[in-house]
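First up is the structure itself, then whatever we jot down about it.
Written as structure tokens, this is what we have:
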């Protein structure tokens, strides 16, 4: 299956060289085919261990972090024990509470002035259910974890179909999302909409929000988060 997708992508590149610019739908199909290929052999970063280490290094207690983030102590304990992987908004709050960029919590390499991330080589994380360790809505791959002094954090996100409707979250910053494939439902306060491949949305992260897969199938999105920290 992976070889078939890669061959299709190579054919697409050859098509561009022969015929000039392709249709937008052709381009999106090629991007999605590459984004859905099997990831490189790289274990997800243990974010919980890193958060616990940074917290201890700074002499902070779980109660200290809870007060700074409004995340309950019991949830922080689950995160540090790697029973649950925090959503992006919570990672931003934890980064601010620990006085560091969110990306530093999941970067496994040397911090650099610039970074190039090859296909399927981004730092990956998966949200887990605290009860059964199953997929809990989405997994994400960070595309610039090793870039220092970032103002933006780009991710490739896989939204998994789930019957669980989580609470809306809010945090500092702004977000831009571009849908690569599938359908994505977005909630902003009382506003609800559905985005299809090629659609995008830009909003203030201070607005209570939630994104999830729609239609019973996975959705693949490019998400870029901005934080002033």
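In the numbering used here, the protein residues as written are 41 to 269.
Using N, Cα and C, we set each Cβ at its ideal position, and we do this for glycine too.
The structure presented is a predicted model; accordingly, all values stated were derived computationally and were not measured.
query	result
Cα-Cα separation, residue 133 to residue 255	31 Å
From 97, 105, 219, 185, residue whose alpha carbon lies closest to that of residue 258	219
Residue 258 (DSSP reduced to helix, strand or coil)	coil
Inside the stretch 184-234 only - beta strand (DSSP E) runs reaching at least 3 residues	192-199, 214-221, 223-228
Start-to-end residues for the beta strand (DSSP E) that takes in residue 240	240-244
Residue of 93, 129, 122 minimising C-alpha distance to residue 266	129
Start and end residues, alpha helix (DSSP H) containing residue 104	102-109
Residue nearest to residue 181 in terms of C-alpha spacing, selected from 137, 260, 209	260
Integer Cβ distance of residue 196 from residue 253, believed to fall under 8 Å	So it is not a contact: roughly 15 Å between Cβ atoms.
Neighbour-count burial assignment, residue 187, 16 or more Cβ in a 10 Å radius	buried
Cα-Cα separation, residue 206 to residue 226	12 Å
Assigned exposure category for residue 221 - 16 Cβ within 10 Å defines buried	buried
Alpha carbon of residue 248 to alpha carbon of residue 210, nearest angstrom	5 Å
Residue 203, buried or exposed, once every other Cβ within 10 Å from all chains shown has been counted against 16	exposed
According to DSSP, residues forming a beta bridge with residue 252	225
Collapsed DSSP secondary structure at residue 265 in the structure displayed	strand
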